[in-house]
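Structure first, commentary second.
Protein chains in written order, with my numbering: chain A, 50 to 346; chain B, -11 to 278.
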């Protein structure tokens, strides 16, 4: 039973890393992409091939996968990021599906549609905890640096960001590459946990699931996305009877949120210990404040 | 052999065309790609299956009912989701995200209610192939092709020759001005969704009869969607030309190169079109109204 819970935590961790990438791209730069499943696949296959053929340690496989995905994202971003809004989304969709079809057809290298097996099992709870902590640390620092502020400027008004001298094309590409690298990181961990991968695992449904999670968590909240990932991964496991209805509920939730509360559960807010402390303090001191107001009036 | 391939390509392409015109109609009005369109076609296919297999209706009655059902579903989806987003003045991107959510919801609704098993339509049309000079044309292919042609001519008449078409074109050009001029824009949007949904339902039933019915049938619409991008988003004639082109290309790639590479060609075409000429063959304006 302990193994079951450990597996669950590992799954949550892998999803968190992938969703952080989507959150940076979609939540903070407002670029919607359906290609992150494709980058996860690139990472998973690169990492798996490195580990089985060259017997590299996990850290090297992760780096290799991330570099590969980052490089592909850089090239793809160069040619597609000039496109507006949904044209970009459509281009990433075409890319994501192409990656899957290419992997299916490269029988000799990837094992084709039947999958790639015999990957050493290297992802354990320790690796996941370190990875997630590192991923959150990196993402948090990127978002609170000049790069992150430029992302948010692009999100709010791309034309205005351009006007005040932000190289929007460059920063959009940076966001795209970063998000691809996070996806690849998650992909390598995924491959080394399940030890067997097939291209269909990283299809359009996977990409849209990640985007859905970010929309639910809040377009512009890193912690919101992380909380949403945890909840959305754990809920169907804890309530097995409801597991069947999981994706149905996701779909309905997205429609409801985007129509009723487009900023998502958290909006632009982040969870923080200080905010919770203030909230609790206010809750208890509300009575005191009210009586104080009466005295002053 | 080559003529046989052309006939097969046109037969697939005409089904794509039915769906692609729906994408184009909705895009020309609201400026977003309706991801749920393919899933509405899928629901149409299931409705048709239900009417034929469970209720033993004749195939033409089932076809009409499925068509109406899909059209109605399309209108309801616009009423419940897209209209609210339009009134919120949210970015058009949000329409697309809502459509994506709707697509996931519809697919999984069918999955939990009907199940994931593939269903085969009962034999309603005799499997006869007509031989014209050595080229075999299936009866179903012929009927779906003729239906597509009739529908497309009807659509052309509707858009170019009636008041309805004039109002829709006015709303597509500028929704606010159209509504100031006394056009009930909301009503016309509903009507366009009814029209697009019905076309999707029709193509869904034909797809179901030609292949099988399953919850991911909507993925076929991805090809139709690529066709409408290739033809130029928002352009109805572009969508038709694009659909026929993709149908032919798929058949030729599968026939002469490799069946496994068929999808790769289609998706690469999509990326190539977007990079080289994002407006497609007949598209005009691609500036995002920020």
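Cβ atoms here follow ideal geometry from the backbone N, Cα and C, with glycine treated the same way.
Helix, strand or coil: how does DSSP classify residue i here?
i	result
residue 120 of chain B	strand
residue 136 of chain B	helix
residue 293 of chain B	Residue 293 of chain B is absent from the model: chain B starts at -11 and stops at 278.
residue 125 of chain B	strand
residue 201 of chain B	strand
residue 214 of chain B	helix
residue 166 of chain A	strand
residue 73 of chain B	helix
residue 213 of chain A	coil
residue 171 of chain B	coil
residue 278 of chain B	Note on residue 278 of chain B: pLDDT 33, under 50, position unreliable in the model; no value is reported.
residue 269 of chain B	coil
residue 345 of chain A	With a pLDDT of 46 at residue 345 of chain A, under the threshold of 50, the modelled position of this residue cannot be trusted; read the value that follows with caution. If DSSP states are grouped into helix, strand and coil, residue 345 of chain A belongs with the helices.
For the alpha helix (DSSP H) containing residue i, name the first residue and the last one.
i	result
residue 124 of chain A	107 to 129
residue 46 of chain B	Unbroken run through residue 46 of chain B: none, as it is neither H nor E.
residue 250 of chain B	250 to 264
residue 234 of chain A	217 to 243
residue 111 of chain B	From DSSP, residue 111 of chain B is part of no alpha helix (DSSP H); its letter is neither H nor E.
residue 183 of chain A	174 to 192
residue 11 of chain B	-10 to 18
residue 247 of chain B	Note, residue 247 of chain B: premise wrong, no alpha helix (DSSP H); not H, not E.
residue 257 of chain A	253 to 266
residue 156 of chain A	156 to 159
residue 306 of chain A	295 to 309
residue 204 of chain A	195 to 205
residue 223 of chain B	Where residue 223 of chain B is concerned, there is no enclosing alpha helix (DSSP H), given that its DSSP letter is neither H nor E.
residue 85 of chain A	85 to 102
residue 273 of chain A	271 to 287
Smallest Cα separation from residue i: which of the options?
i	options	result
residue 2 of chain B	B:46, B:195, B:-11	B:195
residue 180 of chain A	A:66, A:251, A:328, A:302	A:66
residue 53 of chain B	B:65, B:34, B:64	B:34
residue 86 of chain B	B:112, B:68, B:16	B:68
residue 175 of chain A	A:230, A:307, A:55, A:138	A:55
residue 95 of chain A	A:240, A:128, A:334	A:240
residue 187 of chain B	B:207, B:100, B:88, B:136	B:136
residue 77 of chain A	A:260, A:298, A:167	A:260
residue 234 of chain A	A:68, A:156, A:219	A:68
residue 171 of chain A	A:121, A:105, A:214	A:105
residue 268 of chain A	B:40, B:239, B:259, B:81	B:81
residue 277 of chain A	A:265, A:327, A:219, A:242	A:265
residue 177 of chain A	A:126, A:325, A:193, A:237	A:237
residue 182 of chain B	B:63, B:55, B:41, B:96	B:63
residue 73 of chain B	A:318, A:218, A:305, A:219	A:305
residue 235 of chain B	B:156, B:-2, B:249, B:175	B:-2
residue 186 of chain A	A:280, A:275, A:58, A:52	A:275
residue 247 of chain A	A:60, A:89, A:163, A:329	A:163
Taking 7 Å as the limit between beta carbons, can you name the residues of its chain near residue i, skipping five residues before and five after?
i	result
residue 61 of chain B	28, 31, 185
residue 209 of chain B	7, 25, 26, 29
residue 256 of chain A	83, 84, 85, 86, 145
residue 188 of chain A	69, 73, 271
residue 125 of chain B	-5, 117, 118
residue 291 of chain A	285
residue 23 of chain B	84, 87, 88, 91
residue 193 of chain B	32, 33, 36, 51, 54
residue 0 of chain B	235, 238, 239
Under 9 Å, Cβ to Cβ, is there at least one residue of chain C near residue i?
i	result
residue 92 of chain B	Absent from the structure: chain C. Protein chains present are A and B.
Keeping to the same chain, check which residues put their C-beta closer than 8 Å to that of residue i; ignore five residues upstream and five downstream.
i	result
residue 109 of chain A	99
residue 117 of chain A	91, 92, 95, 233
Note down, in chain order, each residue of its chain lying with its Cβ closer than 6 Å to the Cβ of residue i, except the 5 sequence neighbours on either side.
i	result
residue 182 of chain A	none
residue 113 of chain A	95, 99
residue 221 of chain A	130
What are the residues of the stretch 283 to 311 of chain A that lie near chain B, defined by any Cβ-Cβ distance shorter than 7 Å? 293, 294, 296, 297, 299, 300, 301, 303, 304, 307, 308, 311
Residues within the stretch 68 to 97 of chain A neighbouring chain B, beta-carbon criterion of under 7 Å: 81
Any C-beta of chain A within less than 8 Å: which residues of the stretch 247 to 275 of chain B qualify? 248, 249, 251, 252, 255, 256, 258, 259, 262, 263, 266, 274, 275
Residues, ordered as in the chain, of the stretch 116 to 135 of chain A that lie near chain B by beta-carbon distance below 8 Å: 128, 129, 132, 133, 134, 135
Near-chain A residues of the stretch 230 to 248 of chain B - C-beta to any C-beta below 9 Å: 246, 248
Please identify, using Cβ separations under 9 Å, the residues of the stretch 199 to 215 of chain A that lie next to chain B, in order along the chain. 206, 207, 208
Anything in the stretch 30 to 54 of chain B with a Cβ closer than 9 Å to a Cβ of chain A? List those residues in chain order, please. none
Could you please tell me which residues of the stretch 172 to 194 of chain B, in chain order, have their CB closer than 8 Å to any CB of chain A? none
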